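Using our numbering, read the sequence shown as starting at 62 and increasing by one per residue.
Heads up, the beta-carbon is just placed ideally off N, CA and C, and yes, glycines get one too.
These figures come from a predicted structure and were not determined experimentally.
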Amino acid sequence: MRFKIKKQKKFDFIQEGEGHPLVLLHGLMGGLSNFTSMVEFFSKKGFQVFVPVLPIYDLPVLNTNLTSIAKFVAKFIDEEVGCPVTIVGNSMGGHVGLILTTIRPDLVKNLVLTGSSGLYERTFGDSFPRKGDKEYIKKKTQEVFYNPDIATDELVDEVFSLVNDRMKGIKTVMLARSAIKHNMLNDLPNIKCPVCIIWGKQDNVTPPEVAVDMHKFIPNSDLFWIDECGHAAMMEKPEEFNKILYSWLENK
């Protein structure tokens, strides 16, 4: 990755550009590189872009849940950013953004959701069957995208390594279960900030009806579709995603 990761006492993160702060939150199987195109684009368009490393595998087992990660992000914004931000969350990162918006609305000026969990999603399940089978992992990784070629050998290797690390595997399952238990349906009508929902029409993980329901229940929301696109729109269709989001932010 081209960007330098700042390593502070409490946080590791990317910080690029100047202007209104965007905080980008990756998913359970994701990482900072998922947002390469966004960081490049928005840091040149008058935004300060932050991508924190989320403590997915660093929390104590008893605190391995989405609320703990949302509190971590709140502390990051308080200590490193210092003003209300636009949160952009993909998959589990979107779910963390939803929780953060409900527990610390003072920190969130705008919320952007793409392939977000929070209502329901399809995952690997409660465990990782056939975790030693690399072809199986490759197939499951490819299913995240409309274009299977997005699942590069490097990405498949990352997922394979993750699911074969016993403690990381346990914590991944714990967070997946936390996401399922922490359903946000009753919280959505209480979200007051502007919300931009950008969704792949062919998302197999959080299918399109999730986006429709989020748009229906979040009062101040706009919904945009990207065709021939799966669960990680900012990776699979970066130019289209960035264009939609930039236009939306310009009107806020």
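- Message: Given a cut-off of 8 Å on the beta-carbon distance, is the pair K313 and P255 in contact?
- Response: Yes, these two residues count as a Cβ contact at 8 Å.
- With a CB to CB cut of under 8 Å and the five nearest residues on each side skipped, what residues in its chain are close to L127? Excluding its 5 nearest sequence neighbours in each direction, L127 has C-beta neighbours in its own chain below 8 Å: M153, H156, V157, I160, L236, S239, A240 and H243, listed in chain order.
- Query: So, are the CB atoms of P209 and V142 less than 8 Å apart?
  - Reply: No, the pair does not count as a contact, with Cβ atoms beyond the cut-off.
- What do you get for G179, buried or exposed, if any count of 16 or more other CB atoms within 10 angstroms of its CB means buried? Under a 10 Å Cβ-count criterion, G179 is classified as buried, with 16 or more other Cβ atoms of the shown protein chains found around its own Cβ.
- Item | Three-state class that DSSP yields for D283 in the structure shown | Here D283 sits in strand by DSSP.
- Counterpart residues of C257 in DSSP-defined beta bridges: DSSP links C257 through a beta bridge to V173 and D283.
- Message: Considering only DSSP beta bridges, list what T147 is partnered with.
- Response: DSSP output for T147 lists L83 and N171 as bridge partner(s).
- Message: Tell me the DSSP secondary structure of D73 in three-state form.
- Response: In the structure shown, the three-state DSSP call for D73 is strand.
- Message: Suppose the cutoff is 6 Å on Cβ atoms and the five residues either side in sequence are ignored; what does the same chain contact list for I287 look like?
- Response: Counting only Cβ-Cβ distances below 6 Å, and skipping sequence neighbours, we find G261, A294, K298 and E301.
- Message: Just verifying my parser: in three-state terms, what is the DSSP assignment at V110?
- Response: Collapsing the DSSP output to three states places V110 in a strand.
- Task: Kindly give me the distance between the Cβ atoms of I252 and T163, rounded to whole angstroms, as I take these residues to be in contact under 8 Å.
- Result: About 7 Å separates the two Cβ atoms, so the contact holds.
- Task: Just tell me which of D218, V234, R63 and F74 has its CA closest to the CA of Y197.
- Result: Looking at the Cα atoms, D218 is the closest of the given residues.
- Touch test, the region 113-122 against the region 144-151, Cβ-Cβ under 8 Å, three pairs minimum: At 8 Å Cβ cutoff, the stretches do not touch.
- From what residue to what residue does the beta strand (DSSP E) around K67 run? Looking at the DSSP string, the run of the beta strand (DSSP E) that includes K67 is I66 to K68.
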